[in-house]
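Everything on this sheet refers to the single structure shown next.
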């Protein structure tokens, strides 16, 4: 299980999550909020796409992505953060998109990230 | 003035700040905490470097960097975030490093980021 209890606890803390895609002109950073990250299964995250036009174009070219999540105020212990690497795509018009639209009416699609590797950072 | 009152207010909120450098093998993400970011002047940020070995090697090769900062709970208004782009280097053994060592005894150097451009993200 990649997205274990520790990761889920970090996602339970509010904060920004940074998402990196790779474009022809170089890396591109966008952000979402940790509270917007939905754990679809033990190795898959999903979050709403409002804008993210460059992100979507980059993913069509190169699905490799990175993400940073963190929690400085963890009641369970010291400050903690993780670098997640994997692959992602934008999905729309499916059940997952319909489900996220209930909470995020503005979402034109869903970024689905398949997490392949986790590294502890910060501390 | 690039680092204006709005940016300083975001930095005044705790949260992770993501820092991107460009390596020969692709982009590399690390994080620090917004409370660790010191505004040196109206276009310069500094933060302690503990590990950051890959970051330092990347900066020696290519000084171009990006950073994401954000605040979801801003008492002054809605959720807000920024993408900062610029150039950076690691400095050590100077007055700035000595000053940061007082607060961060573990810092082996200081990342100094010259911010050239700001873009609003999130919202």
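Chains as they are written, first to last, in the numbering used here: chain X, 1 to 123; chain R, 1001 to 1123. Just so you know, even glycine gets a beta-carbon here, dropped at the ideal spot from N, CA and C.
Residue range of the beta strand (DSSP E) that includes residue i
i, result
"residue 68(X)", "64-71"
"residue 1008(R)", "From DSSP, residue 1008(R) is part of no beta strand (DSSP E) but of the alpha helix (DSSP H) over 1005-1011."
"residue 1079(R)", "That residue, residue 1079(R), is in no beta strand (DSSP E); it is neither H nor E in DSSP."
"residue 38(X)", "38-41"
"residue 119(X)", "109-121"
"residue 15(X)", "Note, residue 15(X): premise wrong, no beta strand (DSSP E); not H, not E."
Residues near residue i in its chain [Cβ-Cβ closer than 6 angstroms; skip 5 each side]
i, result
"residue 1035(R)", "1014"
"residue 27(X)", "20"
"residue 1008(R)", "none"
"residue 5(X)", "none"
Residue i: contacting residues in chain R (beta-carbon distance under 7 angstroms)
i, result
"residue 124(X)", "Because chain X in this structure spans residues 1 to 123, residue 124(X) falls outside the shown range and cannot be described."
Listed by chain order, chain X residues near residue i by CB distance under 8 angstroms
i, result
"residue 1066(R)", "27 and 29"
"residue 1121(R)", "30 and 31"
Which listed residue (the options) has its alpha carbon closest to that of residue i
i, options, result
"residue 56(X)", "68(X), 41(X), 112(X) and 84(X)", "112(X)"
"residue 106(X)", "88(X), 78(X) and 49(X)", "49(X)"
"residue 1019(R)", "1104(R), 1005(R) and 1085(R)", "1085(R)"
"residue 1059(R)", "1031(R), 1038(R), 1090(R) and 1070(R)", "1090(R)"
"residue 2(X)", "114(X), 101(X), 54(X) and 42(X)", "42(X)"
"residue 51(X)", "30(X), 62(X), 40(X) and 71(X)", "30(X)"
"residue 11(X)", "97(X), 95(X), 72(X) and 23(X)", "72(X)"
"residue 1024(R)", "1007(R), 1005(R), 1061(R) and 1078(R)", "1061(R)"
"residue 64(X)", "6(X), 5(X), 4(X) and 22(X)", "22(X)"
Other residues of its chain near residue i: CB distance less than 7 angstroms, five sequence neighbours each side excluded
i, result
"residue 1083(R)", "1066, 1068, 1119 and 1121"
"residue 32(X)", "17, 19 and 47"
"residue 108(X)", "49, 50 and 92"
"residue 54(X)", "23 and 28"
Segment limits, alpha helix (DSSP H) that includes residue i
i, result
"residue 29(X)", "Not the alpha helix (DSSP H): residue 29(X) falls in the beta strand (DSSP E), residues 26-33."
"residue 96(X)", "95-103"
"residue 1046(R)", "Run containing residue 1046(R): none in the alpha helix (DSSP H); it sits in the beta strand (DSSP E), 1044-1049."
"residue 59(X)", "53-61"
Contacts around residue i, its chain only, beta-carbon distance under 8 angstroms, and the 5 residues preceding and following it disregarded
i, result
"residue 1114(R)", "1043, 1044, 1086, 1087 and 1088"
"residue 38(X)", "45, 46, 47 and 100"
"residue 116(X)", "2, 43, 85, 86 and 87"
"residue 1097(R)", "1091, 1107, 1109 and 1110"
"residue 1040(R)", "1046, 1096 and 1112"
"residue 70(X)", "10, 15, 79, 80, 81, 82, 121 and 122"
If the cut-off is 8 angstroms on Cβ atoms, which residues from the region 1008-1022 of chain R count as contacting chain X, listed in chain order?
1014, 1015, 1016, 1018, 1020 and 1022
Using a Cβ cut-off of 7 angstroms, which residues of the region 1080-1108 of chain R contact any Cβ in chain X, in chain order?
When C-beta distances to chain X are compared with 7 angstroms, the residues of the region 1080-1108 of chain R below that value are 1081 and 1083, in chain order.
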